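See structure below.
Rendered as structure tokens:
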């Protein structure tokens, strides 16, 4: 048995980038669930079963729909509702639930495409990220992403308002138990980046906004 | 083709007229409206049979097995005596109770892709009409059709679903549960098409004339340009006896293009359920179209109000008030809110059940009510996320409520941010409610495996 992609190429502590995620087979996508959750992957064969390390950051890209124009301000989407449902169904809820940050890329204007002069330079962002990671390691001996659920309570103290927002998200937005804990870690990170000791309500709201994803292919969930 | 060569093998001159009609109705292929037109021109029904027309007894047995009846003009309870459609209708396949005469029914029509606000209005109108004793008639599509039926059925009313396919064809699949609820509520599924007929595009325009013919009035909740809803409304209007009642919209709202055209052509503009019921000659004290929420879920003191929203949330909702989809970027441009404030406002509105996000953009699904009338509790500018909402009904399950007509006093869609409507919350998913989630147990215990 030889280590595969998630243990070798993407490497331990690497980045696994999957372009056009819905084009991967459902089996391949579902196989990501264990490593995403546990940082290890079990390869079982007839005689033996091998555990490989597989701690990586998953980055994935997807079109909003098969034709690519859903939500486009310039071109109309040509997909039927059936197309959209089929496209959406290629990504399982449990996999999407394990993804923390969603960013929808909208069409850029020419000005945005050529300008971007006021954007923050990557070097400065990097310094901020490294500083936040330092803070995290000093506080809890690990980055926020590796905080075990039992340790969340100790290290992710949230304000009362923030807690209320999280609970409301569970009740009204269908945030799962896993999603709840993941949102809490992201909120902790947002606070760390803002060099705040406490996780405030607006940190939680930012975290929820980041994870609260427009579901791929969902033009109109049928309301009735 | 008129000759004897088209006759089926079982045909003899002794076969009765009713039997011939049963076979003719059950013959797959020709458009029923076309056959009906020929019959109305005086053609002999037997001459219209085709070689593959089924043997009448077998056809009748098949209908029996499916629980479907064939009704023809002259039958007791034939609903179209007073309102013959054009082109005429020679038969109806019916499941459930017979459709009531047109004078007892109101059609509610609109498109499949109507905005959530207009669907909510349809639901509310369906409930209000049912509450006032009207039978609701509509098609079987997702969107406005389904909303109108669901509103009426949930309010304990009867509805007639007029399909463009055979009654045994589960189309659209998403609504088969709704159809069962319609039947369970004493309602009707009706179609000109024999069992097994697929929903061909050509079926729907003729179908619309039946919706109009089965109703005393047509309420147009949504109509894009050149839409089917427009054809239904025109069929209702051209009959003369029919009223056409239309919810208006902003000139730039594509779902209102047909509505506004109808109003320009002389249809009646309605702003509220009260307007509709007034027009129908019914009396009801009060009712707001967007009262879907207030009717169905109760606009308690905790329900969001305009004054209860903070300024960024108000700005976002105002930008979305026509019910259209706006991308995050466009919303940012429209509101000129900084990103963090915009995201916080979006989340607040989402938690309050007033907007939803999709890949296609952000959309209002509800509007807050006006400030509580009669010196109700002054609503502090608490975050709407603190609002205690009645649990939204599961969109797929049997809704727990039976909504009386709305209790608000303003109509839904007017673009007036100062207090246009009552709140409603459309179900947008089934929240796996878990209040004690905090820090509970090991991670990964909520695996929604599929």
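Chains as they are written, first to last, in the working numbering: chain A, 401 to 624; chain B, 44 to 493.
We treat Cβ as the ideally placed atom computed from N, Cα and C, and that holds for glycine.
From a predicted model like this one, the values you see are computed outputs, not experimental measurements.
Where residue 525 of chain A and residue 417 of chain A are concerned, what is the direct C-alpha to C-alpha distance, given to the nearest angstrom?
21 Å
Chain-ordered chain B contacts of residue 464 of chain A [CB-CB under 7 Å]:
402
Can you check whether the C-beta of residue 609 of chain A is within less than 8 Å of a C-beta belonging to chain B?
yes
Less than 8 Å between the beta carbons of residue 394 of chain B and residue 407 of chain B, yes or no?
no
Considering residue 167 of chain B, what are the terminal residues of the alpha helix (DSSP H) in which it resides?
159 to 174
Helix, strand or coil at residue 50 of chain B [DSSP, three-state]
coil
Please list the terminal residues of the continuous beta strand (DSSP E) segment that includes residue 457 of chain A.
456 to 460
If I'm right that residue 602 of chain A touches residue 164 of chain B with Cβ under 8 Å, what's the distance once you round it to whole angstroms?
Contact doesn't hold; Cβ gap of about 34 Å is too wide.
Is there a C-beta anywhere in chain A that falls below 8 Å from the one on residue 393 of chain B?
yes
When the distance is taken between beta carbons, is residue 305 of chain B closer than 8 Å to residue 553 of chain B?
The displayed coordinates of chain B run from 44 to 493. Any statement about residue 553 of chain B would go beyond what the structure contains.
Hey, quick one: how far does the beta strand (DSSP E) through residue 447 of chain A stretch, first residue to last?
Note, residue 447 of chain A: premise wrong, no beta strand (DSSP E); not H, not E.
Quick check: residue 133 of chain B and residue 92 of chain B, are their CB atoms within less than 8 Å of each other?
no
On a Cα-Cα basis, can you pick out the residue from A/455, A/549, A/607 and A/536 that is closest to residue 440 of chain A?
A/455
Against chain A, which members of the segment 252 to 265 of chain B pass a CB distance test of less than 7 Å?
none
Just to check my reading of the structure: residue 492 of chain A and residue 430 of chain A have Cβ atoms closer than 8 Å, yes? What is that Cβ distance to the nearest angstrom?
6 Å
Closer than 8 Å at the beta carbon, the chain B residues around residue 602 of chain A
383 and 387
Below 8 Å on the Cβ atoms is my guess for residue 79 of chain B versus residue 130 of chain B; work out the distance and round it to an integer in Å.
6 Å
Look up residue 212 of chain B in the DSSP assignment and say whether it is helix, strand or coil.
coil
Within-8 Å CB hit, residue 572 of chain A to chain B:
yes
Taking the beta strand (DSSP E) that residue 206 of chain B belongs to, which residues open and close that run?
202 to 206
Closer than 7 Å by beta-carbon distance: list the chain B residues that pair up with residue 470 of chain A, in chain order.
402 and 403
Please determine, among A/583, A/560 and A/559, the residue with the shortest C-alpha to C-alpha distance to residue 570 of chain A.
A/583
Same chain, Cβ closer than 6 Å to residue 249 of chain B, five either side skipped, listed in chain order:
76
Give the C-beta separation of residue 278 of chain B and residue 255 of chain B to the nearest angstrom, bearing in mind that I take them to be a contact with Cβ-Cβ under 8 Å.
4 Å
With a cut-off of 8 Å, does the C-beta of residue 396 of chain B fall near any C-beta of chain A?
yes
Return no unless some Cβ of chain A is closer than 8 Å to the Cβ of residue 373 of chain B.
yes
Does the beta carbon of residue 440 of chain A come closer than 8 Å to any beta carbon on chain B?
no
Continuous alpha helix (DSSP H) assignments of at least 4 residues falling wholly in the segment 89 to 155 of chain B:
99 to 109
Beta carbon proximity, residue 348 of chain B to chain A, threshold 8 Å:
no
Would you call the segment 153 to 171 of chain B and the segment 261 to 269 of chain B touching, i.e. three or more CB-CB distances under 8 Å?
yes
Which residues of the segment 504 to 528 of chain A have a Cβ closer than 7 Å to any Cβ of chain B? Give them in chain order.
504 and 506
Coarse secondary structure for residue 557 of chain A, derived from DSSP in three states
coil
Can you tell which of B/186, B/314, B/312 and B/296 has the C-alpha that lies nearest to the C-alpha of residue 221 of chain B?
B/186
Got a sec: does the ligand GDP put a non-hydrogen atom nearer than 7 Å to the Cβ of residue 604 of chain A?
As for the ligand GDP, it is missing from this structure, which has no ligand bound.
For residue 378 of chain B, decide whether its Cβ has a neighbour in chain A, counting only Cβ atoms nearer than 8 Å.
no
Proximity of residue 239 of chain B and residue 99 of chain B at Cβ, strictly below 8 Å
no
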